[in-house]
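Enquirer: In the UniProt record's numbering, the protein residues as written are 1 to 423.
Every residue gets a Cβ at the ideal spot worked out from N, C-alpha and C, and that includes glycine.
Predicted model, so just to flag it, every value in this text is computed and none were measured.
Got a structure here, written out as C-alpha cells. Questions coming.
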Amino acid sequence: MATTVVSVSETPNATTQSETPGRFGPYGGRYVPEALVAALDELDREYQAAVADPAFGAELGGLLKSYTGRPTPITEAGRFGAEAASGARILLKREDLNHTGSHKINNVLGQALLTKRIGKKRVIAETGAGQHGVATATAAALMGLECVIYMGEEDTRRQALNVARMELLGATVVPVSTGSRTLKDAINEALRDWVTNVDTTNYVFGTVAGPHPFPTLVRDLQRIIGVEARQQVLELTGKLPDAVAACVGGGSNAIGIFHAFIDDAEVALYGYEAGGDGIDTGRHASTISAGSPGVLHGARSYLLQDEYGQTIESHSISAGLDYPGVGPEHSWLSDSGRAAYESVTDADAMEAFRLLCRTEGIIPAIESSHALAGARRLGAKLGPGAVILVNLSGRGDKDVDTAARWFGLLDEQNQPSSVTEEK
1 MATTVVSVSE TPNATTQSET PGRFGPYGGR YVPEALVAAL DELDREYQAA
51 VADPAFGAEL GGLLKSYTGR PTPITEAGRF GAEAASGARI LLKREDLNHT
101 GSHKINNVLG QALLTKRIGK KRVIAETGAG QHGVATATAA ALMGLECVIY
151 MGEEDTRRQA LNVARMELLG ATVVPVSTGS RTLKDAINEA LRDWVTNVDT
201 TNYVFGTVAG PHPFPTLVRD LQRIIGVEAR QQVLELTGKL PDAVAACVGG
251 GSNAIGIFHA FIDDAEVALY GYEAGGDGID TGRHASTISA GSPGVLHGAR
301 SYLLQDEYGQ TIESHSISAG LDYPGVGPEH SWLSDSGRAA YESVTDADAM
351 EAFRLLCRTE GIIPAIESSH ALAGARRLGA KLGPGAVILV NLSGRGDKDV
401 DTAARWFGLL DEQNQPSSVT EEK
C-alpha cells in the first residue's frame, strides 16, 4: 500500500465544509492577541503553498514511510471481540506501532518541515501525556531545531518516563505549576512563549484545537490514518466497517480516522470522551457530553465552563485526555449528528485496558483504552459479526506505572506488591 499525503486542496467532506476558512459551522475561528495574527497568517500561507508543492509532499511521504513506519497495519482482535465485545469483529488501526509510539508523529513531521520552510530555528510545543512532546523532540532532533516543551507539573509526575525521553532527545522540558498543572495550563504557557518569541519560533500545536489554521492543518496531517484504514478494511472484509471508534481529548486521532469516512453515511462514528469518576461527580473531561460552547485557546468550541464563562478544571486518569476543550470540528460533527460522543469512566477504560492485555498481548495507551471500552458497548449494541474499527492511537509503555498502581501491582515504595521482602 502506498503512503499517501492528504492535501487541503482536496474537496472537503460535505458535512464539515464551510465557506469561511477555519470555521466549522459556528465553531473554530481565531481569537488571539494581535501579536500572533501575523504568525498565524504566515503559517497558513506557507501551509497552503506547501501542500501545492510536490517536493513537500514527497519529502513528508518519504519520512512517513522510512522514518515513521507507515502504513501502519490493521490487526483483528479476535479474542477481545469474542470475550469482551459480544462477538463483534474488532479491527485495530495500529498507530501504536509508529516510531515514538503514537499517532502524534504524523502531525509533527509535517509541522517541523513547515518550520524549516518558514526559516525559523526554534520550535515550542505543549504536551499532556508526553506523546506529542516526545514526537516534537524527535522531529526537532532529526531536523536540527531547538526545542522547548511545556508540560503541566502534574503531568510531568504522571509521565516521568516521557520527560526523560524528551530530555534525552535534546529538548528542554518546562514544568508548568499554574492552574491545575495539566495540559490546559501547558498550552497557556506555550502561547505566552510564542507571543514573546514569535519572530524566531514556530508553535507545533498537538491537536485539532487552537486558532485557525491549526484545526485544519493538524486534521490534514492526521487524515492519513483514516485514508489507510478505509482501504485496509475494504481489503480485509470486502465492505466498510459498521462503526469507527476513537478516544477524544483535543481530538486529533479521532478526526484523523473519522475524516475518510464522513461521507460514508452507513458508517457510524463514535468519539469517546474521558468520563473520569463519572459525569455526575463533576470530576471528568467530557467536553461535548457535559460542556457548552465558548472560547478557549483561540477557538470557539465546546468546553467545560461555569455560568460566568470561566473554564472548569478537568479530570481523567489519562493525562492525554485531561483537557477541558475539544477541537471545533468535533463540535460541529456532534451538532450535525454525523458523529456521536459518549463518556467513558476511568474504571471502564482500565477494564478495557486489562482485557486487551490479557486477550491480545497488546498493552494500549490509557487514552486508547477509552475507545476500546466504547467498542465493548458497540459490540453489545450492534451484535455478533458487526465490524468495529478502533483507532489504537498509542501504546501503553508510558502508562505502565499508572496501570500498575491502578491494579495494585506496585506498593507505595514503587515495588511489586506481590514480591515478599527477602529475609
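I'd like to know whether the C-beta atoms of residue 39 and residue 198 end up nearer to each other than 8 Å.
Expert: It is a contact, given that the beta carbons lie within the stated cut-off.
Enquirer: Taking Cβ to Cβ, would you say residue 302 is nearer than 8 Å to residue 326?
Expert: Yes.
Enquirer: Note down, in chain order, each residue of its chain lying with its Cβ closer than 8 Å to the Cβ of residue 189, except the 5 sequence neighbours on either side.
Expert: 126, 150, 174, 176, 178
Enquirer: Have a look at the DSSP bridge pairing and note the partners of residue 414.
Expert: None, per the DSSP bridge assignment.
Enquirer: Hey, residue 90 and residue 390: beta-carbon distance below 8 Å or not?
Expert: yes
Enquirer: Quick check on residue 120: buried or exposed, where buried means 16 or more other Cβ atoms within 10 Å of its Cβ?
Expert: buried
Enquirer: Specify the secondary structure class of residue 185 as computed by DSSP and reduced to three states.
Expert: helix
Enquirer: Relative to the alpha-carbon of residue 262, which residue among 32, 272, 243 has its alpha-carbon at the smallest distance?
Expert: 243
Enquirer: Smallest Cα separation from residue 320: which of 271, 58, 384, 251?
Expert: Closest by alpha carbon: 251.
Enquirer: Apart from the five residues on each side of it in sequence, which residues of its chain come closer than 8 Å, Cβ to Cβ, to residue 398?
Expert: Once the five neighbours on either side are set aside, the close Cβ partners of residue 398 are 101, 129, 130, 131, 159, 161, 162, 365.
Enquirer: Taking C-beta to C-beta, are residue 376 and residue 84 nearer than 8 Å?
Expert: yes
Enquirer: Do residue 187 and residue 297 have their C-beta atoms closer together than 8 Å?
Expert: Yes, the Cβ-Cβ distance between residue 187 and residue 297 is below 8 Å.
Enquirer: So for residue 426, helix, strand or coil by DSSP?
Expert: Beyond the ends of the chain as shown, which are 1 and 423, falls residue 426; an answer cannot be given.
Enquirer: For residue 338 versus residue 382, is the C-beta distance shorter than 8 Å?
Expert: Using a Cβ distance threshold of 8 Å, residue 338 and residue 382 do not count as a contacting pair.
Enquirer: From the DSSP output, read off the bridge partner residues of residue 393.
Expert: Answer is none; residue 393 lacks a bridge partner.
Enquirer: Got a sec, what are the start and stop residues for the alpha helix (DSSP H) residue 116 sits in?
Expert: 104-118
Enquirer: Can you tell which of 67, 257, 235 has the C-alpha that lies nearest to the C-alpha of residue 218?
Expert: 257
Enquirer: List the residues that DSSP assigns as beta-bridge partners of residue 292.
Expert: Residue pairing by DSSP places residue 292 opposite 303 in a beta bridge.
Enquirer: Are there 16 or more other CB atoms within 10 angstroms of the CB of residue 281, so buried, or fewer, so exposed?
Expert: Residue 281 is exposed by the Cβ-count criterion.
Enquirer: Could you give the first and the last residue of the continuous alpha helix (DSSP H) run that contains residue 72?
Expert: Note, residue 72: premise wrong, no alpha helix (DSSP H); not H, not E.
Enquirer: Is the separation between the beta-carbon of residue 43 and that of residue 109 shorter than 8 Å?
Expert: Contact flag unset, no.
Enquirer: Tell me the residue span of the beta strand (DSSP E) that contains residue 262.
Expert: It is not in any beta strand (DSSP E) - residue 262 carries neither H nor E in the DSSP assignment.
Enquirer: Suppose you measure from the CA of residue 371 to the CA of residue 26; what does that come to, to the nearest Å?
Expert: Cα-Cα distance, rounded: 27 Å.
Enquirer: By DSSP, does residue 99 sit in helix, in strand, or in coil?
Expert: coil
Enquirer: Cβ of residue 254 within 8 Å of Cβ of residue 388?
Expert: Going by C-beta atoms, residue 254 is not nearer than 8 Å to residue 388.
Enquirer: Which whole-angstrom value describes the C-beta separation of residue 314 and residue 322, a residue pair presumed to lie in contact below a C-beta threshold of 8 Å?
Expert: 5 Å
Enquirer: Enumerate, from N- to C-terminal direction, the unbroken alpha helix (DSSP H) stretches of 4 or more residues contained entirely within the stretch 323-396.
Expert: 328-336, 346-360, 366-382
Enquirer: Does DSSP classify residue 138 as helix, strand or coil?
Expert: Residue 138: helix per DSSP, three-state reduction.
Enquirer: Please report how far the alpha carbon of residue 6 lies from the alpha carbon of residue 411, in whole angstroms.
Expert: Caution is warranted here: a pLDDT of 40 is assigned to residue 6, below 50, making its placement in the model unreliable, and no coordinate value can be reported.
Enquirer: How about residue 232 and residue 74: do their beta carbons lie closer than 8 Å?
Expert: yes
Enquirer: Where does residue 124 fall in DSSP's three states?
Expert: strand
Enquirer: Return yes when the Cβ of residue 103 is within less than 8 Å of the Cβ of residue 394, no when it is not.
Expert: yes
Enquirer: Would a C-beta distance cut-off of 8 Å place residue 360 and residue 318 closer than the cut-off?
Expert: no
Enquirer: Among 331, 118, 350, 56, which residue has its Cα nearest to the Cα of residue 292?
Expert: That would be 331, whose Cα lies nearest to the Cα of residue 292.
Enquirer: Would residue 134 and residue 165 be called neighbours here (beta carbons separated by less than 8 Å)?
Expert: yes
Enquirer: If you draw a straight line from the C-alpha of residue 169 to the C-alpha of residue 146, how long is it?
Expert: 11 Å
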